[in-house]
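Last residue of the sequence shown: number 127 in my numbering, and the count goes up by one each step with no gaps. For reference, the structure discussed in these notes is given below.
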Amino acid sequence: MGLGAYRPALDTGITSPYAHLRQYVVSTTLEPDVDPAVTVVPGDPLALVRELKDETGSGLDVWLCGGGRLAGALLPEIDELLLKTYPVVAGSGIPMVDGAFDPTAFDVAERTAFPNGVTLTRLTRR
Ligand SMILES: NC(=O)c1ccc[n+]([C@@H]2O[C@H](COP(=O)([O-])OP(=O)(O)OC[C@H]3O[C@@H](n4cnc5c(N)ncnc54)[C@H](OP(=O)(O)O)[C@@H]3O)[C@@H](O)[C@H]2O)c1
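Right under this line is the structure:
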């Protein structure tokens, strides 16, 4: 998680939102001892993800929870996207993947459409 994705949990007093997983929060400002189950990473998140991939042998064991700024920094290492869409026009917002205009192609591997208009799409990097 980036701090922006972690912050909503923190604001409600939840310091270990995914206690069943090893948790890393990328932030230069968060205090390092926020929770014993959370490792705060002030440095390069790409290096961290590459280490984790080497350790696990598969990028699919690493779950990027977000948000958009962190996703932009980690785009070179994103192998799969799970994209939820909703039938709502919301106006401006936070980019799903922040960064410079630089299209990266993915293929649709799976798509589930629900009766209420929500879709869940799994995309794999081409
Ligand atoms: N729909 C979903 O499934 C989903 C999932 C997760 C999050 N979200 C949403 O995403 C939003 C947050 O996204 P966001 O783009 O604003 O924030 P973000 O990427 O989660 O966090 C940004 C913060 O994380 C740290 N950070 C991120 N990338 C870094 C990098 N490359 N190097 C160093 N530090 C880095 C910085 O904190 P410091 O300033 O402390 O250094 C930065 O201010 C929230 O609204 C959340 O609800 C949605």
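Note that CB positions come from ideal geometry on N, CA and C, so glycine has one too.
Return the bridge partner residues of residue i from the DSSP annotation.
| i | result |
| --- | --- |
| Tyr25 | Thr40 |
| Glu81 | Thr125 |
What whole-angstrom Cβ distance do residue i and residue j have, given they're in contact under 8 Å?
| i | j | result |
| --- | --- | --- |
| Arg126 | Thr120 | At roughly 20 Å, the Cβ-Cβ gap does not stay under 8 Å, so Arg126 and Thr120 are not in contact. |
| Glu78 | Leu47 | 6 Å |
| Gly100 | Gly73 | 4 Å |
| Ala20 | Ala38 | 6 Å |
| Leu31 | Leu4 | 6 Å |
| Leu124 | Leu65 | So it is not a contact: roughly 13 Å between Cβ atoms. |
So, helix, strand or coil for residue i, using DSSP?
| i | result |
| --- | --- |
| Glu32 | coil |
| Thr86 | strand |
| Gly3 | strand |
| Ala91 | coil |
| Leu60 | The question names Leu, yet the displayed sequence has Gly at residue 60. It is helical. |
| Gly69 | helix |
| Pro18 | coil |
| Pro9 | helix |
| Val50 | helix |
| Asp55 | helix |
List, from N- to C-terminal side, the beta strand (DSSP E) runs of 3 residues or more that fit wholly inside the segment 102-126. 107-114 and 120-126
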